Amino acid sequence: MIWLLQLPAAVLGFCAVTFVVAASVGGLIVFRKAVSHTRLEAASGMSGDVFQLAGVLYAVLVAFVVVVVWEQFGEAEDATAAEASAIADLLRDSTAIPPEYRLEVRQRLVAYTEDVINDELPRMRRGETIEEESEHMSALWSTFLKVEPQSRNEIAFFDHDIVKLNDLSHNRKLRVSTGESAVPGELWVLLLGGGAVVMAFTFLFGTRDLLIHAVAVGLTAGLMGFVMYLIFALEHPFVGALSVSPDPYVNVLEIWREDQPQN
């Protein structure tokens with residue numbers, strides 16, 4: 002189902018809400034034909050009390066899941082920002098690397114960043130799995146391990162660069178792991194099943210006006226459909242239209258290239 006996130010956010014959200022509303026209102030019409038008004042009115046009081054209890058329990062569950070997926074989305078954004086910041090720091094500090102290694106280090110950093118922008122993030126956007134260690138990252142480590150600082154200043158900067166390089170690797174792994182996060186299937190069963198139960202309780206209201214009843218059910222279903230879409234979109238922070246932006250990496254390269262002397 003993750004392929005659905007490739008649709009524009011507005012289209013997918015509209016389709017999700019429309020489907021839930023249509024199913025709920027259609028179910029209401031069938032239910033009203035099968036059950037008499039007299040029975041509904043007789044059970045209206047008890048139905049209202051049970052509906053309140055079920056609604057509160059379900060609202061707590063939905064709130065919990067929304068908070069969890071929103072935190073996961075925030076962690077994904079933080080990981081990309083931290084990874085881009087580490088790249089920027091390494092590019093800036095490369096000035097203190099011995100001249101014979103400086104150009105290669107810079108080229109490896111730029112190549113790694115371009116690979117993230119042009120290959121990894123587009124693949125993650127399509128829902129593909131990304132390896133924790135890439136060829137560009139391995140090449141970057143190999144280049145740094147060849148560096149032989151001589152002066153005290155070079156040694157101090159090199160030690161700091163190794164720390165930043167470890168930060169870069171850590172945040173890369175965090176980006177990859179958050180990209181693979183998802184709501185467990187059992188929880189989705191509970192969310193959808195609980196939503197169906199709550200919507201079923203809305204059928205039990207004892208009003209004789211079918212239009213008013215259908216409008217109330219439709220509005221409730223629309224809100225529930227939008228919440229389900231939101232959870233589905235946020236549980237995959239790098240997939241689809243509603244995903245983490247590559248702007249931090251793009252900004253790093255733009256700032257770096259603007260600071261370079263023009264030939």
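According to the working numbering, the stretch in the sequence shown is residues 2 to 264, in order.
For every residue, glycine included, the Cβ atom is placed at its ideal position computed from N, Cα and C.
Keep in mind it's a predicted model, so treat the numbers as computed, not measured.
Limits of the unbroken alpha helix (DSSP H) element including residue 239: Looking at the DSSP string, residue 239 is not in any alpha helix (DSSP H), and its letter there is neither H nor E.
Range covered by the alpha helix (DSSP H) that runs through residue 100: 100-116
Limits of the alpha helix (DSSP H) - the one that residue 206 falls within: Element bounds for residue 206: n/a, residue is neither H nor E.
Anticipated Cβ contact below 8 Å, residue 239 with residue 122, distance rounded: 7 Å
Pair within 8 Å by beta-carbon distance, residue 85 and residue 245: no
Coarse secondary structure for residue 8, derived from DSSP in three states: coil
Check whether residue 148 and residue 99 have beta carbons under 8 Å apart: yes
Nearest neighbour of residue 13, chosen from 73, 251, 242 [CA to CA]: 242
Alpha carbon of residue 202 to alpha carbon of residue 52, nearest angstrom: 6 Å
Rounded separation between residue 248 and residue 208 - CA only: 53 Å
Buried versus exposed, by CB contacts within 10 Å (16 or more), residue 2: exposed
Where residue 261 falls: helix, strand or coil (DSSP): coil
Whole-angstrom distance between residue 257 and residue 264, CA atom to CA atom: In this prediction, residue 264 has a pLDDT of 46, which is less than 50 and means its spatial position is unreliable; what the coordinates show is noted afterwards. Looking at the two C-alpha atoms, the distance is approximately 15 Å.
Minimum C-alpha distance to residue 79 - residue among 176, 65, 23: 176
Extent of the continuous alpha helix (DSSP H) to which residue 180 belongs: 153-180
Buried versus exposed call for residue 261 [16 or more other C-beta atoms within 10 Å across all chains shown]: exposed
Cβ separation of residue 138 and residue 93, assumed to be a contact under 8 Å, to the nearest whole Å: With 8 Å as the limit, residue 138 and residue 93 do not qualify as a contact, their Cβ atoms being about 19 Å apart.
For residue 132, the three-state DSSP class (helix, strand or coil): coil
Between the CA atoms of residue 171 and residue 104 - distance to the nearest angstrom: 24 Å
As assigned by DSSP and simplified to three states, the class of residue 125: helix
Any 3 or more C-beta pairs closer than 8 Å across the stretch 208-218 and the stretch 226-238: no
For residue 188, the nearest candidate out of 6, 131, 255, 62 (CA to CA): 62
Beta-carbon separation (whole angstroms), residue 131 vs residue 75, contact threshold 8 Å: Actually they do not touch by this definition, with Cβ atoms about 20 Å apart.
Touching by the beta-carbon criterion (3+ pairs, under 8 Å), the stretch 226-234 and the stretch 11-28: yes
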